[in-house]
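Student:
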Amino acid sequence: MAEKEATVFILDLGASMGETKAECGRSESDMDWSMRYVWDKVTDIVSANRKTLCVGVVGLRTDETANRLSEEDGYENISVLQELGPMTMSSLKALRTNIKPSKTFSGDAISAIVVAVDMIDIFTKKLKWNRKIVMITDAQSATDPDDITDIAHKINDANINLTVLGVDFDDPEYGFKEENKSPTKAENEKTLKALTDQCTDGVFASIVEAIDEIDTPRVKQVKPYKSYEGTLTLGDPEKFPHALNINVERYFKTHTARQLAASTVVLKSEQGGTQSTQTLDDEAADGVEFSAVKQARTYKVNAPDAPGGKKDVEFEALAKGFEYGRTAVHISESEHNITKLETTKSFSIVGFIPWTRYEPFLGMGEVCITTARKFDEKSELAMSSLVWGLYELESYAVARLVAKDGKDPALVLLAPGLEPELECLYDIPLPFAEDVRAYKFPPLDKVVTVTGQTLTSHRLLPTEELTEAMGEYVDAMDLDSYGMDDEGKHTEFAPVDETYNPTIHRINNAVKQRAVHSDQPVQDIPAVLLRYAKPPQELIGRVQDRIEDLIKEADVKKVPPKAKGRRREAVKPMSGLDVDALLLSQDAGSNTADQPRPITLENAVPEFKRAMATSREMSDIQAAARQMGDIVESLVADSFADSRYARAIECLGVLREELVAMEEPGLYDAFVRGFKGRLLSGALGGDRRDFWLKVRWARLGLVEAGQSEVSTVTAEEAEEFYKSR
1 MAEKEATVFI LDLGASMGET KAECGRSESD MDWSMRYVWD KVTDIVSANR KTLCVGVVGL
61 RTDETANRLS EEDGYENISV LQELGPMTMS SLKALRTNIK PSKTFSGDAI SAIVVAVDMI
121 DIFTKKLKWN RKIVMITDAQ SATDPDDITD IAHKINDANI NLTVLGVDFD DPEYGFKEEN
181 KSPTKAENEK TLKALTDQCT DGVFASIVEA IDEIDTPRVK QVKPYKSYEG TLTLGDPEKF
241 PHALNINVER YFKTHTARQL AASTVVLKSE QGGTQSTQTL DDEAADGVEF SAVKQARTYK
301 VNAPDAPGGK KDVEFEALAK GFEYGRTAVH ISESEHNITK LETTKSFSIV GFIPWTRYEP
361 FLGMGEVCIT TARKFDEKSE LAMSSLVWGL YELESYAVAR LVAKDGKDPA LVLLAPGLEP
421 ELECLYDIPL PFAEDVRAYK FPPLDKVVTV TGQTLTSHRL LPTEELTEAM GEYVDAMDLD
481 SYGMDDEGKH TEFAPVDETY NPTIHRINNA VKQRAVHSDQ PVQDIPAVLL RYAKPPQELI
541 GRVQDRIEDL IKEADVKKVP PKAKGRRREA VKPMSGLDVD ALLLSQDAGS NTADQPRPIT
601 LENAVPEFKR AMATSREMSD IQAAARQMGD IVESLVADSF ADSRYARAIE CLGVLREELV
661 AMEEPGLYDA FVRGFKGRLL SGALGGDRRD FWLKVRWARL GLVEAGQSEV STVTAEEAEE
721 FYKSR
């Protein structure tokens, strides 16, 4: 169960908090500046959406007096702005309207702390709560220091954590000191510091330190989640009495953090009213409550005898269907149950492997930790023996895990974990044979010829000079000692605990800002999230020489830009070898000048590209495009289901690309218009409408004016063409 927490914020709303101190480099009032910290804490509590996180707010130096101790002397100008209780968006908006500077300068900060202590005592009673008081003040009003010792004892007896954050308070450890401080403020600082020093959990600091740390993301502390509780076995205890049988508990060690997701909501309806999803402006939305959207689905099937040709059916009457080509194959529930594996809850070791035989890339998920069951000495001793045995033999265990009855089994790798006062097993999911894709790549250190000869020196293999240059380049980019610590010593540049996911924390910051200031634009991305987004210029300069040496040794050459417009002259290859000229001379004996080389279905793409590159007349381009179009249509017409759709899309894309490059988009547009008509009319092997969807996804329709200088097709015409009618 999550811990219960009661926090009371004491906010100084005196007239002096409305001042703006330009000498301190601030363009906003002390209140707006200090409230950054408060809003950050409050929005964190609201986003947690837990009823056990309760917040109360006390206003110090308010124009009115509204507190339970107001009949006694010394509690004037102190108001309870919000009683202790769960924090919601409605209470957040109501609180925001009450936070504004008052017109008074009087109000005792010590008395405000007493009011907060009284609120916590009444609300939490003697139950188990985490109790906190956070005071934000500029200490510009007179305070009564006579009873601070008794108050400190009361705070300690109630186990309250007292934090005093002062506006421009002196903080030698943080390196901040206010010049020309008034005598009243200096004396109040001493009083408040004396109070916090007497408290067991007292904190006294300048709020500038707290505000500077707002942008730094905080790691969310979560309670351990038990994913398995049962026995860990080695062997079958039912058949072999001496089989290993340990009572264990398994928890998540690491868990994937995900960004906030948007939700669809509706306005809460009044009694007997209706719900609406209308959009409200910011003023009208204040105080409006929302509720989640409930979705309902209806299922219809074709029924010629029913009105409209369709009728509604219940979900239970439907069967699961699986797509096989263009056919939907249904499987009944009874037949589908045959494919399910009936499993029972278990955690059993099936084998062991040495450390050297495990490849790290096989890990497929989040790490969990398995420990012996608490207060079970026999299981703790058995777990210790297993962990130490794996460690001394430098081995891992492979186990089969079924977290609960009926769940799919998983293979996990168990690694020994030895920490002070903790002996455990760390596990990570392993892939099954069907999950592994074995791709064969040629070796990087040798070339095997067709005849079986092995070459260690080849133009495709790196030379010793290239290997050395690459090694120096990688060493120059080493970040392990590029950073500097507080003592000026070299340290890691980007520690894991200082690198944050910018997506998650940026969304969190934006949501929190909009929750408090709905009428203001979202602020820029905090610098701490972009700290490692770009490499330092000093590091780039340090490796520049290494990059140049690497380019020189690798003989890197810039690829010439692709020529635009009609290609009247063949591009000279960088190697100096004109392959097209050789092919033309080879084909000269078998093809006459007025008879273009035919394009075959087996090698359509390269042959079409060669034909376009060597075309001299417009008739040659038209003939090649006509042949390629025929190939596309034959692939679609002769395709069994969608077996040849991928080749057809590839050929259609090459046809479009080459004709656009030749500044002849009209040829392609003419073909694709006729192709669409034949496709949708069923002339290409029956109903092939599913292929037109692939054409739409690949955006292989008409050539728009923005894609070719000589095209006259507008964007609206191109989009209209994609519609299948």
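Residue numbers (UniProt numbering): 1 to 725.
Yeah, the Cβ is synthetic: ideal placement off N, Cα and C, and Gly gets one too.
1. Between the region 524 to 540 and the region 95 to 110, are three or more C-beta pairs nearer than 8 Å?
2. By the three-class DSSP mapping on this structure, what secondary structure does C424 have?
3. Counting only runs of 3+ residues fully inside the region 312 to 395, write out the beta strand (DSSP E) ranges in chain order.
4. Within a Cβ cutoff of 6 Å, which residues of the same chain sit near P502, ignoring the five residues on either side of it in sequence?
5. Name the residue from A415, V8, A292 and T371 whose alpha carbon lies nearest to the alpha carbon of T163.
6. Considering P86, what are the terminal residues of the beta strand (DSSP E) in which it resides?
7. Runs of 4 residues minimum, wholly inside the region 46 to 112: which ones carry the alpha helix (DSSP H) assignment?
8. If you draw a straight line from the alpha carbon of P431 to that of A403, how long is it in whole angstroms?
9. Can the beta-carbon of I428 be found less than 7 Å from the beta-carbon of G363?
10. Pull up the CB-CB distance for V313 and V301, whole angstroms please, since I reckon it's below 8 Å.
11. Three-state secondary structure (DSSP) at G682?
12. Quick check on K404: does DSSP put it in helix, strand or coil?
13. Applying the criterion that 16 or more other CB atoms from any shown protein chain within 10 Å of the CB defines a buried residue, is W39 buried or exposed?
14. Using DSSP with H/G/I as helix, E/B as strand and the rest coil, what is L234?
15. If you scan the region 403 to 488 from start to end, which runs of the alpha helix (DSSP H) of 4 or more residues do you find wholly inside it?
16. Which residues mark the beginning and the end of the beta strand (DSSP E) in which N130 is found?
17. Is L659 helix, strand or coil when you go by DSSP?
18. Looking only at its chain, what residues have a beta carbon closer than 7 Å to the beta carbon of W355, apart from the 5 residues adjacent to it on each side?
19. Sorted by chain position, which residues of the same chain lie with C-beta nearer than 8 Å to Q622's C-beta, five sequence neighbours on each side aside?
20. On a Cα-Cα basis, can you pick out the residue from E83, D150 and A142 that is closest to F123?
21. Reducing DSSP to helix, strand and coil, say where R567 ends up.
22. Helix, strand or coil: how does DSSP classify G287 here?
23. In the DSSP assignment, the beta strand (DSSP E) including residue 726 goes from what residue to what residue?
24. Measuring straight from C-alpha to C-alpha, what distance separates S263 and F290?
25. Using the three-state DSSP reduction, which class does Q275 fall into: helix, strand or coil?
26. Under the rule that 16 or more other beta-carbon atoms within 10 Å means buried, what is I338, buried or exposed?
27. Assign D408 to buried or exposed, taking buried as 16 or more other Cβ atoms, counted over all protein chains shown, within 10 Å of its Cβ.
28. For a minimum of 4 consecutive residues, which ranges assigned as the alpha helix (DSSP H) are wholly contained in the region 157 to 237?
29. Using the Cβ count rule (16 or more neighbours within 10 Å means buried), how would you classify G565?
30. Closer than 8 Å by C-beta to R96: which residues in its own chain qualify, once you throw out the five before and the five after it? Chain order, please.
31. The ligand HEM and I649: does the residue's C-beta get closer than 6 Å to at least one heavy atom of that ligand?
32. According to DSSP, is E5 part of a helix, a strand, or is it coil?
33. Helix, strand or coil for V695, going by three-state DSSP, please let me know.
34. So, under 8 Å CB-CB, V713 and V703 are touching, yes? Tell me the CB distance rounded to an integer number of Å.
35. On a Cα-Cα basis, can you pick out the residue from V398, S334 and A661 that is closest to E316?
36. Roughly how many angstroms lie between the CA atoms of I10 and I349, to the nearest whole one?
Tutor: Checking against the coordinates, here is how it stands:
1. no
2. strand
3. Restricting attention to beta strand (DSSP E) runs no shorter than 3 residues, the region 312 to 395 encloses them at 320 to 324, 327 to 331, 346 to 354 and 368 to 372, ordered along the chain.
4. L529
5. V8
6. I78 to P86
7. 89 to 98
8. Cα to Cα, the separation comes out at about 17 Å.
9. yes
10. 6 Å
11. Looking at G682 - three-state DSSP - the assignment turns out to be coil, as it is neither helix nor strand.
12. coil
13. buried
14. Three-state result, L234: strand.
15. 464 to 476
16. That run of the beta strand (DSSP E) goes N130 to T137.
17. Assigned with DSSP and collapsed to three states, L659 falls in helix.
18. E394, S395 and Y396
19. L667
20. F123 has its Cα closest to that of E83, out of E83, D150 and A142.
21. Caution is warranted here: a pLDDT of 49 is assigned to R567, below 50, making its placement in the model unreliable, and no coordinate value can be reported.
22. With a pLDDT of only 48 at G287, under 50, the local geometry of the prediction cannot be trusted, and the value read off the model is given with reservation. In the three-state reduction of the DSSP assignment, G287 falls in the coil class, being assigned neither a helical nor a strand state.
23. Since the first and last residues shown for the chain are 1 and 725, residue 726 lies out of range.
24. 11 Å
25. Note that Q275 scores a pLDDT of 46, beneath 50, so its modelled location is shaky and nothing firm can be said.
26. exposed
27. exposed
28. 183 to 198 and 207 to 212
29. Because the pLDDT of G565 is 47, which lies under 50, any placement of that residue in the model is unreliable, and the number read from its coordinates should be weighed accordingly. Its Cβ having fewer than 16 others within 10 Å, G565 is exposed.
30. V516
31. For the structure depicted, the ligand HEM is absent and the ligand set is empty, with no information on it obtainable.
32. strand
33. V695 sits in a helix when the DSSP states are folded into three classes.
34. 6 Å
35. S334
36. 57 Å
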